[in-house]
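Below is one structure, written out as structure tokens; comments come after it.
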Amino acid sequence: MNDSTSTAWWQLLRAGNVFTAISNILAGFLLVRGEWQPVLPLIFLILSSAALYLAGMVLNDVFDLEADRVQRPERPLPSGRIDPSLAKLVGWGLMIDGLSAAAVAAWLLASCLPIIVALLLAAAIISYDALLKKTMLGPLAMGVCRSLNVLLGASVVLQSTDKNAAYLYALLLGIYTIGLTLLARKEAESARIQKYVSLMITLFIPFDALACAAGAGWPAGLTVFLLLIPTYIATRRAPMT
Numbered sequence: 008m009n010d011s012t013s014t015a016w017w018q019l020l021r022a023g024n025v026f027t028a029i030s031n032i033l034a035g036f037l038l039v040r041g042e043w044q045p046v047l048p049l050i051f052l053i054l055s056s057a058a059l060y061l062a063g064m065v066l067n068d069v070f071d072l073e074a075d076r077v078q079r080p081e082r083p084l085p086s087g088r089i090d091p092s093l094a095k096l097v098g099w100g101l102m103i104d105g106l107s108a109a110a111v112a113a114w115l116l117a118s119c120l121p122i123i124v125a126l127l128l129a130a131a132i133i134s135y136d137a138l139l140k141k142t143m144l145g146p147l148a149m150g151v152c153r154s155l156n157v158l159l160g161a162s163v164v165l166q167s168t169d170k171n172a173a174y175l176y177a178l179l180l181g182i183y184t185i186g187l188t189l190l191a192r193k194e195a196e197s198a199r200i201q202k203y204v205s206l207m208i209t210l211f212i213p214f215d216a217l218a219c220a221a222g223a224g225w226p227a228g229l230t231v232f233l234l235l236i237p238t239y240i241a242t243r244r245a246p247m248t
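Given below as structure tokens:
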């Protein structure tokens, strides 16, 4: 893969954004567990979230291909730098990978909750990308996606009483995401708005770090906060939006 193709894939995947999905999982997990255990299910929940998030990024551009040929011809698919058929295959493959990882987490936990939440998240992602993005329900759908991502991390615990903090945090993050999505609809109008949108996406990590600190102490919060480093490195190569 040459450098041009590699850069195109980074742009299509919005690779820097995936660390915000990971921090969501850690926030949900630590709010209900208060520690980094059990490690193996946590790893598979992270893998599930990352794959589903990246699938959503790819399929978003797949479904928007015809519109992007007119409005954003420089994007990887309309510009021809990536074959749309290959992108479609990768997007659906990542979706399957994400659900498979959640199924493994469910098996490890002897609980159906992780796969149920992952299926709901996958359905919300597909609904947003394929149907709701440009409708009045688009921002709400995106908020639901972000809330479900937090709850995917919290699915490690069975009892609902142990999840009250995670439910509240997921709701707040969903509301924040609705506002972010409404602003993002105007990013084509101004480079300044695009910068604000990128900043608001990045802020998921500090928010999640605070939630992790509340759930498991400041060392956990600091660990999650450090996800800003790979996010910064990745976004130097390809923008978040």
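Numbering (my numbering), first residue to last: 8 to 248. Here a beta-carbon is modelled for each residue, glycine too, at the ideal position from N, C-alpha and C. All of these numbers come straight from a predicted model, not from anything done at the bench.
Item	Value
Backbone secondary structure at Lys141 - three-state DSSP	coil
Inter-residue spacing [alpha-carbon to alpha-carbon] between Leu37 and Leu47	14 angstroms
Outcome for Tyr135 when other beta-carbon atoms lying within 10 angstroms are tallied against a minimum of 16	buried
Run of the alpha helix (DSSP H) containing Ala125, from where it starts to where it stops	Leu120 to Ser134
Proximity below 7 angstroms, CB of Gly63 to CB of Ile132	yes
Distance between Met149 and Phe214 (C-alpha atoms, nearest Å)	18 angstroms
Integer Cβ distance of Leu106 from Ala137, believed to fall under 8 angstroms	Between Ala137 and Leu106 the Cβ distance is about 17 angstroms, and since that is not below 8 angstroms, they are no contact.
Nearest to Ile29 (by Cα), restricted to the options Thr248, Ile240 and Arg153	Arg153
Selected residue, minimal CA-CA separation from Leu20, among Ser86, Leu33, Gly98 and Ile32	Gly98
Rounded separation between Thr252 and Thr188 - CA only	No answer is possible for residue 252: the residues shown for the chain start at 8 and end at 248.
Within the region 11–78, ranges of the alpha helix (DSSP H) (whole runs, at least 4 residues)	25–40, 46–70 and 72–78
Exposure of Pro80, with buried meaning 16 or more beta-carbon neighbours within 10 Å	exposed
Helix, strand or coil at Met247 [DSSP, three-state]	coil
Distance between Ala117 and Lys202 (C-alpha atoms, nearest Å)	43 angstroms
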